[in-house]
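Residue numbering for the sequence shown is 1 to 278, as defined by full-length UniProt numbering.
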Amino acid sequence: MIVFEMVLDCHIHLSEYPDDRLRRYAKLNGLSYTLGELLLSMDEQGVSGGLLLSPPLEDGSAVPNTHILRLCEKSGGRLSPVLTVEPSSEWVEGCLELFSKNKGLVKAFKIRLGYLKVKPVDPVFSRIYDIAEEYNVPVMFHTGDTATESGSLEHSHPLLLDELAVSRPELKIVVCHFGNPWIMDAAEVAYKNPNVYLDISGLFTGGGAYREKYMEWLSNRVSEAIYFMGGAERVLFGSDYPVESLGEAVRFARSLKLSVEDIERIMSINSKEVFGFA
Numbered sequence: 001m002i003v004f005e006m007v008l009d010c011h012i013h014l015s016e017y018p019d020d021r022l023r024r025y026a027k028l029n030g031l032s033y034t035l036g037e038l039l040l041s042m043d044e045q046g047v048s049g050g051l052l053l054s055p056p057l058e059d060g061s062a063v064p065n066t067h068i069l070r071l072c073e074k075s076g077g078r079l080s081p082v083l084t085v086e087p088s089s090e091w092v093e094g095c096l097e098l099f100s101k102n103k104g105l106v107k108a109f110k111i112r113l114g115y116l117k118v119k120p121v122d123p124v125f126s127r128i129y130d131i132a133e134e135y136n137v138p139v140m141f142h143t144g145d146t147a148t149e150s151g152s153l154e155h156s157h158p159l160l161l162d163e164l165a166v167s168r169p170e171l172k173i174v175v176c177h178f179g180n181p182w183i184m185d186a187a188e189v190a191y192k193n194p195n196v197y198l199d200i201s202g203l204f205t206g207g208g209a210y211r212e213k214y215m216e217w218l219s220n221r222v223s224e225a226i227y228f229m230g231g232a233e234r235v236l237f238g239s240d241y242p243v244e245s246l247g248e249a250v251r252f253a254r255s256l257k258l259s260v261e262d263i264e265r266i267m268s269i270n271s272k273e274v275f276g277f278a
């Protein structure tokens, strides 16, 4: 079995909100969905640090960034915040103010494509992209399936990010969830654009009659997409906790049909380079 010296999880969710939409996934996976459980699981799986992102609430809105910042502070430095950006001038202004007050602590911005019927090239995000480029901070984008039935798949397709990647070649773009189910489309966007990265978070959850076959298919599919890209230099480990437990996420990464060196890159090296983990 591959043993990693360090694991960095670039995609974790958590909140203390009772109407957090992801609580149903926590229940499905037998998780208590608490900071204490998360930190213990990080210790057990050798995860030295992670990025904390706002979960969706039952009404489709995002948990406030101030709550995410507080949880990161309570984590004793184990978690670093990602600021979620919604498509309004007021929200953008609030994010920029929080970023200014927490420079060095905030590791990325996040835009929830699919939860929002908006395209990544919408001018409302221009100031965020400007700051992200200036400070070399990545912008993460939800892509693929959504946790709410009201989500728009038309607006969560990874091909939508090609135009942004071309127009802003200095902007680091992270395609969350490997674009699942459009895995090969996401791989093409990254293959074509050297400023695009892919995370492997949230690709599975719960059980089901075909879980074992699905996991084998998924491992093969992601591995083949990485072959298509020519390597794993821009692939990032993420769990999407509580959609996946950290243990399941680590086991899935180990199952990829890649060299030990490439899996090591995915588990920690790439995230250190992209997000500036110490």
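From the three backbone atoms N, C-alpha and C, an ideal C-beta is built for every residue, glycine too. If you're wondering where the values come from, they're calculated on a predicted model, not measured in any experiment.
- If only uninterrupted alpha helix (DSSP H) runs of at least 4 residues are considered, those enclosed by the region 132 to 190 are 161 to 167.
- Scanning the region 185 to 219 from its first residue to its last, the whole beta strand (DSSP E) runs of 3-plus residues come out as 196 to 199.
- Gly238 and Asp43 have their C-alpha atoms some 16 Å from each other.
- With the rule of 3 Cβ pairs closer than 8 Å, the region 20 to 32 counts as touching the region 145 to 161.
- The residue among Gln45, Ser61, Tyr33, Glu58 with its C-alpha nearest the C-alpha of Leu71 is Tyr33.
- In this structure, Leu159 and Lys119 do not form a Cβ contact; the two beta carbons are roughly 11 Å apart against a cut-off of 8 Å.
- Around the Cβ of Leu28, a 10 Å sphere holds fewer than 16 other Cβ atoms; the residue is exposed.
- Judged by their CB atoms, Pro138 and Val174 are nearer to each other than the 8 Å cut-off.
- In the three-state scheme derived from DSSP, where H, G and I count as helix and E and B as strand, Tyr241 is classed as strand.
- Each residue's CA atom was taken as its position, placing Val260 and Asp9 some 18 Å apart.
- Residue environment: Phe125 is assigned as buried (16 or more neighbouring CB atoms within 10 Å of its CB, all protein chains considered).
- In the three-state DSSP reduction, Ala249 falls in the helix class (H, G or I).
- A residue is called buried when at least 16 other Cβ atoms come within 10 angstroms of its Cβ; Thr66 does not meet this threshold and is exposed.
- With fewer than 16 other Cβ atoms inside 10 Å of its own Cβ, Trp217 counts as exposed.
- In the DSSP assignment, Ile263 falls within the alpha helix (DSSP H) that extends over 260 to 264.
- When DSSP states are grouped into helix, strand and coil, Gly50 belongs to the strand group.
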